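Each remark here refers to the structure printed beneath this line.
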Amino acid sequence: MRRVWKVLRYSSVGSFFAGLFFVIQGCSIEREGTLAFILLLLMQFCSGPVMPAGDADTGAPITLNRIYWGDQDTTDIHRCLITGALPCSQEVVSTQGPAAGLDVDFVRGFVYWNPLGELLRCSITGSLPCVHETVITVSNVEGIELDIVNGFLYWVDRVGNEIRRCDITGALPCVSELVANSATPNHIAVDEVNGYVYWTNDGILIQRCSISGALPCSVETVLTTGVNQSFGIAVDPVGGFVYYGDGGDDDIIRCSITGVIPCVTPEVVANTQADHPNGLELDLINGFVYWAADSGTEGIRRCSYTGPLPCTPVLVHNGDVPDISLGP
60 MRRVWKVLRY
70 SSVGSFFAGL
80 FFVIQGCSIE
90 REGTLAFILL
100 LLMQFCSGPV
110 MPAGDADTGA
120 PITLNRIYWG
130 DQDTTDIHRC
140 LITGALPCSQ
150 EVVSTQGPAA
160 GLDVDFVRGF
170 VYWNPLGELL
180 RCSITGSLPC
190 VHETVITVSN
200 VEGIELDIVN
210 GFLYWVDRVG
220 NEIRRCDITG
230 ALPCVSELVA
240 NSATPNHIAV
250 DEVNGYVYWT
260 NDGILIQRCS
270 ISGALPCSVE
280 TVLTTGVNQS
290 FGIAVDPVGG
300 FVYYGDGGDD
310 DIIRCSITGV
320 IPCVTPEVVA
330 NTQADHPNGL
340 ELDLINGFVY
350 WAADSGTEGI
360 RRCSYTGPLP
370 CTPVLVHNGD
380 VPDISLGP
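So that you can map any letter, position 10 of the sequence shown is 69 in the numbering used here, and since no number is skipped, the others follow by simple counting.
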């Protein structure tokens, strides 16, 4: 909770919620996480399209108005504005690629990605293209995901069939830690609010385990019905859904994680132009799901999940894109 509060106090409206901090301190760990996330969402609503975090040096609020991706054709890391006209115009963030997995730490100002044999990062707060540094040397990384609040980078190790993580707040290279063993993990998502890491297993299962207790954690199956070549995955901890891209049927699907597990009632979110969806990202404030299609009609697309479903996709950017992330 101290790290959450450190983020909150740099927000442009952080002082409005200062009194609630003392109430939260008396809550359990589980309730702390939930209340802290609610505060984060409230602060964003109060600030308009500004994320509830600020630059640690300047105190300026951070706006998540760009989407980041690794381009398989150019092997560059790109980004573009998603608040203007679409498709958007790209700019090069880094020339060190390619990237099978990618994520943005919008609080500390880094983009992380995995070319062959290592995990890299570079600062997105200075001049571009940025200068990369090695986070850790690893092989056969399938997907990566950040726990921004607690300062961990998670990834899938396809050699050991493991989920691993390391602390990105200290000295680099960081030290790998085993999170869970799994048969054939693919892409992952981290639920910072409820303390879970989720992953797709061989494209036919979705599993999770708790990261709030002792590691390695115990694996729990979340979904077995209607999962067909699934690789992209994202979690909505407020609405209580896990979203995934179904490459077999070219759909974006979600299923409730608040009731009986395994979930047995998947719901189609988008079934038009998904075309082998790979990376998935949720904009919880504006109600969009983003995904990357890496075959056929390649590109990044989004659609609103707050209205009637299935929703109608809009093209964000053309290109062969394996993974995406929102950032400033």
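Here a beta-carbon is modelled for each residue, glycine too, at the ideal position from N, C-alpha and C. All values derive from a computational prediction rather than experimental measurement.
Between which residues of its own chain and residue i is the CB-CB distance below 7 Å, once the five residues before and five after are set aside?
i	result
Val-278	Ala-239, Ser-241, Gln-266, Cys-268
Ser-182	Gly-168, Phe-169, Cys-189
Thr-280	Leu-264, Gln-266, Pro-321
Leu-140	Asn-124, Arg-125, Cys-147
Val-218	Ser-198, Asn-199
Leu-274	Glu-236, Leu-237, Val-238
Gly-378	Asp-130, Asp-132, Glu-357, Gly-358
Thr-228	Gly-210
Glu-270	What sits at residue 270 in the sequence shown is Ile, not Glu. Closer than 7 Å at Cβ, skipping near neighbours: Val-238, Gly-254, Tyr-255, Val-256, Cys-276.
Can you give me the start and stop residues for the beta strand (DSSP E) that residue i sits inside?
i	result
Ile-203	200-206
Glu-357	No beta strand (DSSP E) holds Glu-357; DSSP gives it neither H nor E.
Ile-141	Taken as a continuous stretch (DSSP letters only), Ile-141 belongs to no beta strand (DSSP E), as it is neither H nor E.
Asp-216	211-216
Val-152	149-153
Asp-342	336-342
Glu-192	192-195
Ala-248	244-250
Ser-182	178-182
Asp-164	161-164
Leu-374	373-376
Going by DSSP, what residues sit across from residue i in a beta bridge?
i	result
Leu-282	Ile-265, Cys-322
Ile-383	Trp-128
Ile-222	Val-215, Ala-239
Val-170	Val-163, Cys-181
Asp-295	Phe-300
Val-256	Val-249, Cys-268
Ala-329	Ile-311
Ser-363	Phe-347
Within its chain, find whatever has a CB closer than 8 Å to the CB of residue i; leave out the 5 residues flanking it on each side and keep chain order.
i	result
Arg-62	Below a pLDDT of 50, predicted positions are generally treated as unreliable, and Arg-62, at 28, falls in that range; the measurement from the model is reported next regardless. Counting only Cβ-Cβ distances below 8 Å, and skipping sequence neighbours, we find Val-208, Asn-209, Gly-210.
Leu-100	Low local confidence applies: a pLDDT of 46 at Leu-100 is under 50, so the model's placement there is unreliable, and no value is given.
Leu-231	Glu-192, Thr-193, Val-194, Ile-195
Between which residues of its own chain and residue i is the CB-CB distance below 6 Å, once the five residues before and five after are set aside?
i	result
Leu-368	Val-328
Ile-88	At Ile-88, the pLDDT of 35 sits below 50, so the modelled position is not reliable; the number obtained from the coordinates is stated separately. So no residue of the chain qualifies.
Assuming residue i and residue j make a contact with CB atoms under 8 Å, what is their CB distance in whole Å?
i	j	result
Gly-411	Thr-317	What the structure shows of the chain is the stretch from 60 to 387, and residue 411 is not part of that stretch, so it cannot be assessed.
Glu-150	Leu-187	7 Å
Thr-193	Glu-177	5 Å
Leu-175	Ile-383	Contact doesn't hold; Cβ gap of about 20 Å is too wide.
Pro-387	Thr-122	6 Å
Tyr-303	Ile-247	Wrong, their Cβ atoms sit about 11 Å apart, outside the cutoff.
Glu-340	Ala-293	6 Å
- Message: Would you call the stretch 247-257 in contact with the stretch 228-235, where contact means no fewer than 3 C-beta pairs closer than 8 Å?
- Response: Output reads no: the stretch 228-235 does not touch the stretch 247-257.
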